[in-house]
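Working notes, beginning with the structure itself.
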Amino acid sequence: PYCSRFCCMYSLKHAHQVYEKIPGVQSYIFYMDIRSFGKMYEEFYYRIQDEGAKFIRGRVSNIQEDPATKNLYVYADDTLLDRPMKLEADLVVLAAAVQPSADTNRTRKLFGVSCSMDGWLLEAHPKLNPCGTTTAGVFLAGVCQGPKDIPDTVASAEGAASAASIPIHTGEVELEPYFAMCIEEKCAGCGMCVNLCPYSALSLVEKDGRQVMQVTEAKCKGCGTCGGFCPGGAIWMQHFATPQIVAQIDAFLLGGEQ
5 PYCSRFCCMY SLKHAHQVYE KIPGVQSYIF YMDIRSFGKM YEEFYYRIQD EGAKFIRGRV
65 SNIQEDPATK NLYVYADDTL LDRPMKLEAD LVVLAAAVQP SADTNRTRKL FGVSCSMDGW
125 LLEAHPKLNP CGTTTAGVFL AGVCQGPKDI PDTVASAEGA ASAASIPIHT GEVELEPYFA
185 MCIEEKCAGC GMCVNLCPYS ALSLVEKDGR QVMQVTEAKC KGCGTCGGFC PGGAIWMQHF
245 ATPQIVAQID AFLLGGEQ
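Here it is as structure tokens:
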């Protein structure tokens with residue numbers, strides 16, 4: 005469902021290293037699509053072809069070992085020539101893809117960070133805030149966001165370190181003034197809002213012998229999901245209270261008339 009970004013170029017690099025260290029060797033690279041997306045990557049791709057590497061478009065269907073020579077027989081389909089093929093090889097190397105680690109979901113819940121459909125951690129904005137997250141003070145770097153090669157990983161790590169140094173230097177985190185507020189007298193402590201919050205910003209605490217909702221302002225993004233579902237109307241949004249919204253609607257409908 006996604007490109008691992010570095011598999012193609014690592015395969016080309018390994019083929020180049022083999023040609024440097026073992027004269028007279030012949031390498032074959034099976035592929036479906038070669039993605040040489042970086043600076044000078046396409047030129048390196050052509051260089052490997054000039055060094056003698058054979059590129060075969062197709063998937064490997066089977067690998068069998070010769071009991072006598074211990075060599076490997078690779079069976080595949082060449083989609084460009086539309087025919088099956090068989091190769092004898094001393095060594096077969098799999099270009100493994102990358103996927104999120106098993107602990108990613110646990111880490112996401114711990115820090116209140118969203119994730120994509122593929123399981124990668126999501127940044128606040130892919131262009132305007134590529135290192136930040138929806139939780140203030142939490143930053144992303146490296147392959148936790150998705151597949152990256154070494155230059156991209158280093159660049160994102162430097163960006164995250166730079167962003168994290170700002171609150172460390174100033175000693176405070178700047179928050180948006182839009183967050184949920186709870187009218188404790190109306191709160192029934194049902195906990196519905198806690199399960200609905202996409203940022204894990206709400207929790208139930210005991211106060212005066214009963215459960216009431218509490219907002220972690222650093223996590224709340226003022227989306228209004230909790231306020232819309234609260235059956236008792238106990239939640240309202242800072243600067244977006246019902247009287248304020250009604251006044252804005254009245255002003256719009258009146259068109260400036262008194």
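Every number in the numbering used here is 4 more than the matching position in the sequence shown, counting from 1.
Where a beta carbon is used, it is the ideal one built from N, C-alpha and C, also for glycine.
query                                                                                                                        : result
Own chain residues within Cβ distance below 8 Å of Lys-225, not counting five before or after                                : Thr-138, Glu-180, Tyr-182, Phe-183, Tyr-203, Ala-205
Distance, Glu-189 Cα to Val-198 Cα                                                                                           : 18 Å
Rounded distance between the beta-carbons of Asp-153 and Met-13, thought under 8 Å                                           : 7 Å
Whole-Å CB distance - Pro-171 paired with Gly-141, under 8 Å assumed                                                         : 6 Å
Below-8 Å beta-carbon distance, Cys-135 vs any chain B residue                                                               : Of the chains in the structure shown, none is chain B; there is only one protein chain.
Cys-120, DSSP secondary structure in three states                                                                            : Residue identity check: residue 120 is Ser in the sequence provided, not Cys. Reduced to three states, the DSSP call for Ser-120 is coil.
Reference Glu-221; option with closest CA among Pro-235, Cys-186, Ile-253                                                    : Cys-186
Pick from Phe-59, Arg-39, Gly-116 that is closest to Cys-201, judged by C-alpha positions                                    : Gly-116
Inter-stretch contact at 8 Å, needing at least 3 Cβ pairs: the segment 103-117 / the segment 85-94                           : no
Simplified DSSP state of Gln-218, which is helix, strand or coil                                                             : strand
Same chain, Cβ closer than 7 Å to Leu-144, five either side skipped, listed in chain order                                   : Leu-125, Glu-127, Cys-135, Thr-137, Ala-164
Minimum C-alpha distance to Ser-105 - residue among Pro-151, Gln-30, Ala-99, Leu-85                                          : Pro-151
Three-state secondary structure (DSSP) of Lys-17                                                                             : helix
Boundaries of the alpha helix (DSSP H) in which Leu-257 is found, first to last residue                                      : 246-258
Residues that DSSP places opposite Met-241 in a beta bridge                                                                  : Ala-184, Phe-244
Chain-order list of residues whose beta-carbon lies under 7 Å from that of Tyr-45 (same chain, five-residue window excluded) : Met-13
Local conformation of Ala-80 per DSSP, three classes                                                                         : strand
Spatial neighbours of Thr-108 in its chain, beta-carbon cut-off 8 Å, leaving aside the 5 residues before and after           : Cys-119, Gly-123, Trp-124, Leu-125, Cys-148
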